[in-house]
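Participant: Residue numbers (this note's numbering), protein chains in the order written: chain A, 1 to 604; chain B, 605 to 1208.
There are 2 protein chains.
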Amino acid sequence: MPGRDADRDARRLADQVAQAERLRPLPACQDAENPEDKKRAGEAGPDADQCGRPVAGVKHLRREESADAEHRDESEDQRHQSHATDVHTGVHRIQDPAEQVAHHHRDQQQAAAGDQADQEDRIGYAHRGGLSLRPPHGILERGAGEPNQGDRELTDFAKVDAYIHDHLGDWLGELKELCAVPSVSARHEAIEPCAELVASMLGRRGFDTEVSPTDGHPIVLAHADGANRKRDLLFYNHYDVQPPEPLELWESPPFDLTQRDGAVFARGSKDDKGEFVARLASLDALAKAGGGYPCRLTWLAEGEEEVGSPHLPEWVEKHRHELAVDGAIWEEGGIDAQGHPLITLGVRGLLYVELRVQTISRDAHSGQANLLPNAVWRLVWALASLKGVDERINISGFYDAVRHPSPVERDLLAKLPSQEENIKKEYGIDRLLLDRRGIDVVAATFDPTCNIAGIGGGYQGPGSKTVIPSRATCKVDFRLVPEQDPYDIETKLRRHLDKEGFEDVEIDVLGAERPGLTKPDADLVHWMAETGEAVYGKQAMITPLSGGTTPTFLFTEHGVPVVAPGVGWGNFNRAHSPNEFMRLQDFENAIRHLARLTVRFAEG
Amino acid sequence: MPGRDADRDARRLADQVAQAERLRPLPACQDAENPEDKKRAGEAGPDADQCGRPVAGVKHLRREESADAEHRDESEDQRHQSHATDVHTGVHRIQDPAEQVAHHHRDQQQAAAGDQADQEDRIGYAHRGGLSLRPPHGILERGAGEPNQGDRELTDFAKVDAYIHDHLGDWLGELKELCAVPSVSARHEAIEPCAELVASMLGRRGFDTEVSPTDGHPIVLAHADGANRKRDLLFYNHYDVQPPEPLELWESPPFDLTQRDGAVFARGSKDDKGEFVARLASLDALAKAGGGYPCRLTWLAEGEEEVGSPHLPEWVEKHRHELAVDGAIWEEGGIDAQGHPLITLGVRGLLYVELRVQTISRDAHSGQANLLPNAVWRLVWALASLKGVDERINISGFYDAVRHPSPVERDLLAKLPSQEENIKKEYGIDRLLLDRRGIDVVAATFDPTCNIAGIGGGYQGPGSKTVIPSRATCKVDFRLVPEQDPYDIETKLRRHLDKEGFEDVEIDVLGAERPGLTKPDADLVHWMAETGEAVYGKQAMITPLSGGTTPTFLFTEHGVPVVAPGVGWGNFNRAHSPNEFMRLQDFENAIRHLARLTVRFAEG
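Printed below as a string of structure tokens:
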């Protein structure tokens, strides 16, 4: 989501967080101290993992996919080459037709050699059981964030998990390479090279990859086949990052991924390059140790998420036929402070406007303030007409389309822990806005907002200057709830300003997204919960509506459910702030979760 | 005055102005085309100037003063020396006791040599008449800004005027040297060197000069004796300037005085270095061609005028005994667009505050806008509580001390031309604030103001960022009218904010000045008018209360009348803007006006 807390004060609080929740190094086998586990480890047969836990089943790999996965190391040179030569082509395909033929030929040979192993996996998968929805008794007593497969019988995920554990260093190497490309979208920096690198990373994993132009930054679109060709899972990521400033607050260079304290630090280490590489890793693990890609896969990686995805909706509409998927894995997932995997069903919409006033042709001496209209005053009065201290938005008709939480949503809200104390502590305040408490805190997302994100006009330097500002601007974001529509709100905003006598206040729409909602009873939600609970050993926390905005509506409005397993850890990752980090334990768990969810999704 | 229109848009309008009123080269003898003048020129005897106009009388020069004036060229080396060696001493005297003795010795010799000329001047002065209040018939028909001495009989100002005309180049050379010191007070740049240069310029003219420290920038204080030791005239100037930015809009380097189109261009060319040098020039002319300094002279040149003179009041109180003068010549004088010399009797007071709000410890993601207080919203609501679109200031008791214009002030207002059309044209608007017209435009200065000079908070860069700003600030200036007091208004502002629930809005006072008023019937006003009308050939325009602020109250409250003849030309000089300029004709006329006013003041 664009615009989180790039503030110099972030450091102090982040340090407090780090002190409170000391970053733990990733334990190799965290459950080893559990006597019950030790006993099980002693009894463990060939289907048990190194901690003695039973392992889950793995689906067989289709021949092409296996070979495409093998192709990974070979494509290293190709990546560099395409990176170097195709930076400015706009559209190109990493895997050209001639290359595909060659790959197919290699695939045939490799598939023949791997037949025996494939056969075993296929048999193993066929008669092993599915996943349980509820975590087993005893799991909930484990610590937050500790790897745990649950106690499902007869799975092959031990092999997948072991592969993941053994290859973390490789993927962190890829993440380092990706973070080294400073793809700051707000400044249009290193955008094309980063798109090319993302495309090549997908290409070397067998994806048919396209760097597709938009009126802004290119979008990487990629497709791969998988065992179940009737199911298609979409991964949404973004390859752009927030600016790294203020640079002086970074403890290691922002674009040089650095490992310390059980975590890796860099701009994008979590948001969103860490997420991206975790997904690649889960596919590698499935390809190498889990039998291959279990279904068709579609990848959409955009380069303008941090500036509000201005060109994504139009591009998605144009490419709708290539995006006919059955489910989508979005960004921004992870666990909460207590280690519960998070599921977010909906996001709010957004109308982001810049309001502008110009009253006189140039700034004037304030000795003439009785005679000349002041642009800042005009803007202040216009803003004050929008919302008063009671936080009620006074735009006529603003609340018309707002629907209250449904009974199911109310039940989900009631189960969520109130973040009241956490938020108060994090922002150093004694009470929340309007003195919200308890369920009102978690239910607050069902109220739309009118937020001034920034304002500026006249003299802002040190000391005094006596001017009448000729111009003033501010940025206002409205977070919209189901069923509000941003363009409807824009119309009503214009009408309101005119009615209140502020015809001179211009509106420039910088962003418009509708709310996106996945149904609570969608299968994907169910699978996300059960696989998450299996990995994290804690019940999933389901948030019916997030406070933020991300354009899931582009898919949810077409009936595609959207969930987001991921590498996040509460609000602690300092995304958008100096010293952004991803914990290694969250990285590993997310990969394991993604692998399980992808397999489960493929089963349908 | 601090804070005029440092705006990028200034250029466009200034160019329009320049186009409308094409800068004229200074005519050597502007009335030569007037048949009446040609006739007079033909009849002119030895007391007529080169245009045939009669010339005014010049007072005799005391020996010491004459010598001090002669000392000017000799002190060139001394100036450089003191400049180089005393930059950081804080206090020092350009003219030390040993030097004074040496000067006195030289003075005796020179005075003896000049006795014959002095004798003639003294006789000439003794039986020549005074100045007439009203310009003579025929003078008003002359063009604006054309040199004219009026038709007073028996004066020696022809000699003074000729000296002025012949030495303009020398003074422009001094101005070039002064403008080359980039004394930007807002950035504390080149302050001490500039103070030293100013002091040395005065020192070489016989002033006993002190660079006096303050808690901010030093103040140059200087005294010189003159013929009438019972009368003391103070000159107020400032040696600091506004920043030159935006640099790209300057057509010649901002700190390299450049002559073109009958004007000189540089930062400070008018405000206030041009004024300062014009005053020096008038004294030079009196010393060399008018018989010497006619009375005691006190000079006060501060270095913080452009940042609101924060340390001047305290310094003046401490040096009150050195400032016991009978009249003061302030800065910011000149003629209006029609060429009328301007007299301003009063200035408004000022309360300049910065208002600050911090709501949360750091900026937050705007998805939490239902939960976290927004600093910009707090500030907007607090501001909106101060004043509504009706421009009425809602602070309880704000208007208590406001007095309405007196009958005399009303009469003066009624005589002023409305600037309505000029202002509308200059700022590109169709109507003035509150649709003020006619006398309401000129009378508007008697209403106090509440002006937002600047506001800032949250994200102001390009595009969108969705943050809840943790902090917001704004600068508000209140222009105060007689008898309002800035500290009383500050108290009432605090009380208002508390009462309205804005205890979280902090107030930081950046400037506080009381209004300053010179009585309309003061002799100095009368002399200013008659000498101005004599020089400019147009009736003086008397403004009872200016819209701006300058700390004349430091003198007017002690019964010292304050006026300001000067080099200004309407609002056209681009003071505080790129391409600031001073017209050469305004420079010459101001020198002539200053010389006459000083002589007239000395007569008492």
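The beta-carbon is built from N, C-alpha and C at its ideal position, and this holds for glycine as well.
1) Name the chain B residues whose beta carbon is nearer than 8 Å to that of Thr449(A)?
2) Taking 8 Å as the CB-CB cut-off, is Ala512(A) touching chain B?
3) Verify whether the separation of the beta carbon atoms of Leu916(B) and Glu926(B) is less than 8 Å.
4) Under 7 Å: does the beta carbon of Gly290(A) sit that close to some heavy atom of the ligand ZN?
5) So Gly532(A) and Pro341(A) are supposed to be a Cβ contact under 8 Å. How far apart are they, rounded?
6) Let me check understanding here. Comparing Cα to Cα, which of Leu861(B), Asp860(B) and Gly1152(B) lies closest to Leu955(B)?
7) Consult DSSP for Asn589(A) and reduce its assignment to one of helix, strand or coil.
8) Can you tell me which of the three DSSP states Arg231(A) falls into?
9) Taking just the CA atoms, how far does Leu1149(B) sit from Gly1120(B)?
10) Buried or exposed: Pro629(B), going by 16 or more other Cβ atoms within 10 Å of its Cβ?
11) Can you list the residues of chain B that Ala337(A) reaches, using a CB-CB cut of under 8 Å?
12) Considering only residues of the same chain and omitting the five flanking positions on each side of Ala281(A), which have a CB-CB separation below 6 Å?
13) How is Ala1144(B) classed by DSSP in three states: helix, strand or coil?
14) What residues from chain B crowd round Ala384(A), counting only those whose CB sits closer than 7 Å?
15) Can you check which of these residues, Met528(A), Thr359(A), Thr491(A) and Ile393(A), is closest to Leu379(A) by C-alpha distance?
16) Starting from Lys877(B), trace the alpha helix (DSSP H) in both directions and tell me its first and last residue.
17) Would a check of beta-carbon distances place Phe553(A) closer than 8 Å to chain B?
18) By Cβ distance below 8 Å, which residues in the same chain neighbour Glu852(B) in space, the five residues on each side in sequence not counted?
19) Could you check what DSSP says for Pro341(A) in three-state terms: helix, strand or coil?
20) Please return the same chain residues whose Cβ sits closer than 7 Å to the Cβ of Leu1017(B), not counting the five positions on each side in sequence.
21) Does the separation of the CB atoms of Pro1182(B) and Trp854(B) fall below 8 Å?
22) If you measure beta-carbon to beta-carbon, which residues of the stretch 567-598 of chain A are closer than 9 Å to chain B?
23) Taking only the alpha-carbon atoms, compute the straight-line gap between Gln100(A) and Gln972(B) and give it to the nearest angstrom.
24) Which residues in the same chain as Arg596(A) place their Cβ atom closer than 6 Å to its Cβ, once the five residues preceding and following it in sequence are excluded?
25) Taking 8 Å as the CB-CB cut-off, is Trp250(A) touching chain B?
26) Taking 8 Å as the CB-CB limit, is Trp934(B) close to chain A?
27) Considering only residues of the same chain and omitting the five flanking positions on each side of His223(A), which have a CB-CB separation below 6 Å?
28) Helix, strand or coil: how does DSSP classify Tyr840(B) here?
29) If contacts are defined as beta-carbon pairs under 8 Å, then Arg864(B) and Val845(B) qualify, I think. What distance do you get, rounded to the angstrom?
30) Out of Leu371(A), Arg296(A) and Leu416(A), point me to the one whose CA is closest to Leu233(A)'s CA.
31) Under the rule that 16 or more other beta-carbon atoms within 10 Å means buried, what is Ala324(A), buried or exposed?
32) Of the choices Gly457(A), Asp284(A), Glu332(A) and Phe235(A), whose alpha-carbon is the least far from that of Val560(A)?
33) Name the chain A residues that come within less than 8 Å of Ile1056(B), Cβ to Cβ?
34) Quick one: list the residues of chain B neighbouring Ile423(A), beta-carbon separation under 8 Å, in chain order.
35) Here's the rule I'm using: 16 or more other beta-carbon atoms within 10 Å means buried, otherwise exposed. How should His969(B) be labelled?
36) Starting from the Cα of Pro1011(B), find the closest Cα among Ile768(B), Lys1123(B) and Ala1138(B) and give me that residue.
Facilitator: Result, derived from the coordinates:
1) Ser970, Ala973 and Asn974
2) no
3) no
4) As presented, the structure is devoid of all ligands, the ligand ZN included, so that no description of it is given.
5) 3 Å
6) Gly1152(B)
7) helix
8) strand
9) 9 Å
10) Low confidence applies here, because Pro629(B) scores a pLDDT of 32, under 50, leaving its location unreliable; read the following figure in that light. Exposed is the call here.
11) Those within 8 Å of Ala337(A) in chain B number zero; the least Cβ separation is about 16 Å.
12) Trp171 and Ile591
13) coil
14) Val984, Trp985 and Ala988
15) Thr359(A)
16) Lys877 to Ala893
17) no
18) none
19) strand
20) Pro1009, Ile1043, Val1046, Ala1047 and Pro1148
21) yes
22) Asn571, His576 and Ser577
23) Below a pLDDT of 50, predicted positions are generally treated as unreliable, and Gln100(A), at 39, falls in that range; the measurement from the model is reported next regardless. Their backbone Cα atoms lie some 48 Å apart in a straight line.
24) Thr531
25) no
26) no
27) Asp208 and Thr298
28) strand
29) The Cβ separation is near 20 Å, so there is no contact.
30) Arg296(A)
31) exposed
32) Phe235(A)
33) Asn374, Val376, Trp377, Val380, Gly457, Gly458 and Pro469
34) Gln972, Leu975 and Leu976
35) buried
36) Lys1123(B)
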